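Chains as they are written, first to last, in the numbering used here: chain A, 840 to 953; chain V, 18 to 132.
Just so you know, even glycine gets a beta-carbon here, dropped at the ideal spot from N, CA and C.
Since the model is a prediction, treat every value here as computed from it, not as a measurement.
Below is one structure; the comments refer to it alone.
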């Protein structure tokens, strides 16, 4: 079984400041890891994903995340927040290999203060 | 491509009424899912399907039924709605063909209120 923990249901940053959203996972087998973003009144869309290979993954809109196996973490970062980054962010995990169900975290709402 | 579409976008029901939510995808994906989203609880999987004619229970299936008669459509039914089913419902689809990694594509959601 796998699980995801997102630390902080709400995070506030100033425009131009570093964005750091935390995600820790548990999985009994090597995982695939995802970050999704949800803008108000919309569905989720993929930001980035880790499958195999390079542990630093770059996504859309300047976001990136690093897979750290020793820390079972997959934190999302962006060097400089923009007002348009205000949204809810979901971390998700699924075991690698074949079809497996995805488990989503409870989400972190990012507020960007001008 | 329209991607994943959901019908209706909004609905208000009275307790005990029934309704069907329709999800359609035009990406030829094998897998389809129904989630509900509630504040502070993230997304919870209701039912899913790994192919036409097959369905399976997810994390919170009670009170819901599903059908997938055609590959592109996945229907979610509420036979007797309860206030606890007030939520936002999302449909998603994904594919593992050609080494895919099961990225899910989401519809815009249906906001359901049960009075």
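- With its beta carbon less than 8 Å from one in chain V, residue 943 of chain A belongs to the interface.
- Against chain V, the CB of residue 949 of chain A has no partner CB under 8 Å away; the residue lies outside that interface.
- Taking all protein chains shown into account, residue 950 of chain A has fewer than 16 neighbouring C-beta atoms within 10 Å of its C-beta and is therefore exposed.
- Counting C-beta pairs closer than 8 Å gives three or more between the region 846-860 of chain A and the region 914-931 of chain A, which meets the contact rule.
- Taken atom to atom, the span from the alpha-carbon of residue 886 of chain A to that of residue 29 of chain V is near 32 Å.
- Contact note: residue 125 of chain V reaches chain A through 881, 882, using a C-beta cutoff of 7 Å and chain order.
- By the Cβ-count criterion, residue 67 of chain V is exposed, with fewer than 16 other Cβ atoms from all chains shown falling within 10 Å of its own Cβ.
- Interface residue (Cβ-Cβ distance to chain A less than 8 Å): residue 58 of chain V is classified as such.
- Residue 892 of chain A carries a coil assignment under DSSP once its states are collapsed to helix, strand and coil.
- With contact defined as three or more Cβ pairs closer than 8 Å, the region 121-129 of chain V and the region 95-109 of chain V are in contact.
- Within chain A, the residues placing a beta-carbon under 7 Å from that of residue 121 of chain V are 941, ordered along the chain.
- Here residue 942 of chain A is buried. Its C-beta has 16 or more other C-beta atoms within 10 Å.
- Residues of chain V whose Cβ lies closer than 9 Å to the Cβ of residue 902 of chain A do not exist, since the nearest Cβ in that chain is about 15 Å away.
- Around residue 877 of chain A, the same chain offers 883, 884, 926, 927, 928, 929, 946 as residues with beta carbons nearer than 8 Å, after the five sequence neighbours per side are excluded.
- With respect to the 8 Å criterion, residue 31 of chain V and residue 132 of chain V are classified as neighbours on the basis of their beta carbons.
- Within the model, the alpha-carbon separation for residue 76 of chain V versus residue 953 of chain A is close to 40 Å.
- For the region 884-914 of chain A, residues whose beta-carbon sits nearer than 8 Å to a beta-carbon of chain V comprise 884, 885, 888, 890.
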